[in-house]
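**Q** Attaching a single structure in structure tokens format; questions to follow.
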Amino acid sequence: MKDFRNVLKVSMLLAIAVLAGIWPALYNSFPLVNPDTGAYIAHAFESRPPIDRSVFYSYFIRVSSLTIFPMGCVVVQSCIGTSLVFLLLRQHFSAVRAGVLSLVYILILSCLTPYAWFVSQVNPDIFMAYFVLAVLGLVRHSRNSQGVNAYFIIIILIAASIHNSILLLCLLCCVAGIIYALFRKARALRNRLLLILTGTIAIYCLAANINYNSCGIFSPNPSGHIFLMSRIAEMGLLKEVLKETCPVNNYEICKSDTGFNGRQWDFMWQDGWPHSGGRWLEPAVKKEYESIIRTTLTSGKYMERYIVTNIKDAFFTLFATNVDDGVHRFIEDTSPWNNIRAFYPGSFSAFQAAKQQKGAFDFGIINQVTRWGMLVLLVITAWMYLAKDRQNGFRNSYIILAAIACCCLNIFITTSLSTYLGRFNARVIWVLPFSFFLAYLQARDAVRLKRQLQ
């Protein structure tokens with residue numbers, strides 16, 4: 015009977031935490047949306063997979079929304095986040111106490127960090143943070159049951175399938191981790207990483223096969239050449255490369271205005287380029303763009319600028335915590351307006367009446383709250399960890415280093431292969447203070463154990 019009451023208590027605490035994690039969506043009376051939301055929704059119901067993003071998040075939307083209820087998508091996202099926080103805290107506390115702390119910490123995260131704003135969006139960005147949390151769970155695998163380790167692995171693979179940047183990050187982490195495990199002769203860690211690597215390769219092949227059957231290109235992102243060209247154009251490198259190569263190469267792009275000066279998405283969607291008018295995957299366009307990309311990335315002077323610019327942009331992006339990128343009012347005949355009307359007709363009136371559509375969110379204030387809230391939370395948790403783990407020689411710093419490495423790789427990958435945006439950092443940066451808190455808990459447990467042994 016006592017066990018049943020404890021299960022009931024934990025379930026109620028976690029249910030409240032789930033709702034706390036989506037308070038912006040509940041206040042909005044509809045999930046938060048951005049322009050990408052429309053594409054994900056459309057491909058959830060169309061038989062044709064997208065050529066510029068993973069199709070698996072579209073599948074996630076369709077299943078979690080039950081095809082009729084978009085709010086179901088963010089509820090499931092919040093359930094995943096809450097479960098990860100609970101399982102990480104459960105390594106240190108009883109179930110009931112872990113439930114209480116999970117609720118308290120998620121309330122803090124939801125009020126002071128970007129956490130709730132990304133959980134509340136119909137967008138895969140939050141899964142980058144879930145990937146990092148699951149990695150932190152596996153890093154401390156000796157504290158977990160086999161079932162919990164299996165859950166962390168499943169979340170890692172789901173996250174890798176949902177976003178191409180996470181897929182690449184997962185591959186890099188697996189390779190680096192396996193090398194480390196071989197060097198340290200950590201057989202258990204090596205075996206888990208080999209399992210994740212196998213699953214990641216399987217996801218890569220499955221996504222590539224879906225795209226091959228659809229458009230004839232065996233790649234998880236058939237339009238990767240468009241993204242890289244757009245990034246090169248955004249940097250200002252494209253006009254210099256074309257100035258050098260156009261006199262000796264009969265590139266179609268040389269007939270365009272080669273003095274482009276704008277953002278990555280401007281190049282992707284503006285008219286007047288060889289890929290415009292739905293020609294993204296035409297063999298001639300793909301071959302030409304890949305040739306220009308090779309010239310850029312194999313030339314010493316261009317490659318140096320490419321790397322330096324990416325590092326600089328990634329560095330400044332690391333300090334961005336804005337939650338409003340793309341989250342604004344949408345008008346008729348735009349994405350996602352048309353997609354919600356077409357595929358969720360029963361929820362369209364709720365979308366029209368949502369506070370986002372009325373411009374009710376003051377993101378100037380919200381961004382200031384998340385920026386300063388993140389800083390205060392980071393300072394407090396860092397102080398707690400440093401004060402406690404000093405007695406252990408900072409042996410638990412590997413938890414923090416793992417989180418920092420994942421956050422930095424996240425920014426560098428997205429900046430290098432796509433563009434720089436504040437949301438690419440804001441979606442995951444809230445994990446850092448939590449990693450300090452986890453390291454503090456592990457250091458506290460070590461100190462207590464040492465005292466007991468004495």
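If you read the sequence shown in this note's numbering, its first letter stands for residue 15, the second for the next number, and so on. Note that the Cβ used here is the ideal one computed from N, Cα and C, for glycine as well. Just so we're clear, the structure is a prediction, and the values are computed from it rather than from any experiment.
The alpha helix (DSSP H) that contains Pro138, what's its start and end?
**A** Where Pro138 is concerned, there is no enclosing alpha helix (DSSP H), given that its DSSP letter is neither H nor E.
**Q** Enumerate in chain order the residues of its own chain whose CB-to-CB distance from Val47 is below 6 Å, with the five nearest sequence positions on each side excluded.
**A** Val136, Pro350
**Q** Distance check for Cys219 and Arg293, CA to CA, integer angstroms please.
**A** When rounded, the distance between both Cα atoms is 25 Å.
**Q** What is the residue span of the alpha helix (DSSP H) that His342 lies within?
**A** Careful: His342 lies outside any alpha helix (DSSP H) and carries neither H nor E.
**Q** Determine the closest residue to Pro234 out of Ser244, Ala216, Met243, with distance taken between C-alpha atoms.
**A** Ala216
**Q** Is the beta carbon of Leu295 sitting closer than 8 Å to the one on Phe274?
**A** At a Cβ-Cβ threshold of 8 Å, Leu295 and Phe274 do not count as neighbours.
**Q** Within this structure, are the beta carbons of Ile167 and Ile140 separated by less than 8 Å?
**A** no
**Q** Thinking C-beta only, is Gln382 closer than 8 Å to Arg343?
**A** no
**Q** Assuming Ile180 contacts Ala190 under a Cβ cut-off of 8 Å, what Cβ separation, rounded to an integer in Å, is found between them?
**A** Their Cβ separation, rounded to whole angstroms, is 15 Å, which puts Ile180 and Ala190 out of contact at 8 Å.
**Q** For Asp285, count neighbouring Cβ atoms within 10 angstroms of its own Cβ and tell me buried if that reaches 16, exposed if not.
**A** exposed
**Q** Are there 16 or more other CB atoms within 10 angstroms of the CB of Phe438, so buried, or fewer, so exposed?
**A** Around the beta carbon of Phe438, 16 or more other beta carbons sit within 10 angstroms, so the residue counts as buried.
**Q** Does DSSP put Leu22 in a helix, in a strand, or in coil?
**A** helix
**Q** Taking Asn178 as the reference, give the member of Asn158, Thr310, Pro138, Arg385 with the closest Cα.
**A** Pro138
**Q** Taking Cβ to Cβ, would you say Ser92 is nearer than 8 Å to Val133?
**A** yes
**Q** Any idea what DSSP makes of Leu46, helix, strand or coil?
**A** strand
**Q** What does the Cβ neighbour count give for Asn424, buried or exposed, with the cut at 16 atoms within 10 Å?
**A** Sixteen is the threshold: when 16 or more other Cβ atoms of the shown chains lie within 10 Å of the Cβ of Asn424, as they do, the residue is buried.
**Q** Please report the distance separating the alpha-carbon of Ser79 from that of Tyr303.
**A** 38 Å
**Q** Does the beta-carbon distance from Thr331 to Gly436 come in below 8 Å?
**A** yes
**Q** Of the residues Phe197, Gln278, Val255, which one's Cα is nearest the Cα of Leu242?
**A** Checking every option, the nearest Cα to that of Leu242 belongs to Gln278.
**Q** Out of Ser430, Ile176, Leu98, state which residue places its alpha-carbon closest to the alpha-carbon of Ala148.
**A** Leu98
**Q** For His57, which residues from the same chain have a beta carbon less than 7 Å from its beta carbon, with the 5 sequence-adjacent residues on both sides left out?
**A** Excluding sequence neighbours, His57 sits near Pro63, Pro64, Val69, Ser72.
**Q** Can you check whether the CB of Ala368 is closer than 8 Å to the CB of Asn42?
**A** yes
**Q** Along the chain, where does the alpha helix (DSSP H) that runs through Phe100 open and close?
**A** From DSSP, the alpha helix (DSSP H) with Phe100 extends over 85-104.
**Q** Which complete alpha helix (DSSP H) runs does the segment 187-264 hold, if anything under 4 residues is left out?
**A** 201-229, 238-249, 251-259
**Q** Cys125 lies in the alpha helix (DSSP H); which residues open and close that run?
**A** 109-126
**Q** Does the Cβ-Cβ distance between Leu123 and Trp386 come in under 8 Å?
**A** no
**Q** Does Gly238 pass the burial test, meaning 16 or more other C-beta atoms within 10 Å, or should it be called exposed?
**A** buried
**Q** By Cβ distance below 6 Å, which residues in the same chain neighbour Gly373 in space, the five residues on each side in sequence not counted?
**A** Arg343
**Q** Return no unless some Cβ of chain C is closer than 8 Å to the Cβ of Thr428.
**A** The structure shown has no chain C; it contains just one protein chain.
**Q** Distance check for Thr309 and Val24, CA to CA, integer angstroms please.
**A** 58 Å
**Q** Around the Cβ of Thr323, are there at least 16 other Cβ atoms within 10 angstroms (buried) or fewer (exposed)?
**A** Thr323 comes out buried.
**Q** Going by DSSP, what residue range makes up the alpha helix (DSSP H) through Gly436?
**A** 436-440
**Q** In chain order, what residues of the same chain lie with their CB nearer than 7 Å to the CB of Ile75, ignoring the 5 residues before and after it?
**A** Here the set comprises Tyr54, Ile55, Ala58, Cys87, Val136.
**Q** For Ile380, which residues from the same chain have a beta carbon less than 8 Å from its beta carbon, with the 5 sequence-adjacent residues on both sides left out?
**A** Closer than 8 Å at Cβ, skipping near neighbours: Trp131, Val337, Asp338.
**Q** Measuring only the C-alpha atoms, how far is Ile430 from Gly213?
**A** Note that residue 430 is Ser in the sequence shown, not Ile. Near 25 Å, if we compare the C-alpha coordinates of Gly213 and Ser430.
**Q** Report yes if the C-beta distance between Ser116 and Leu27 is below 8 Å; otherwise report no.
**A** yes
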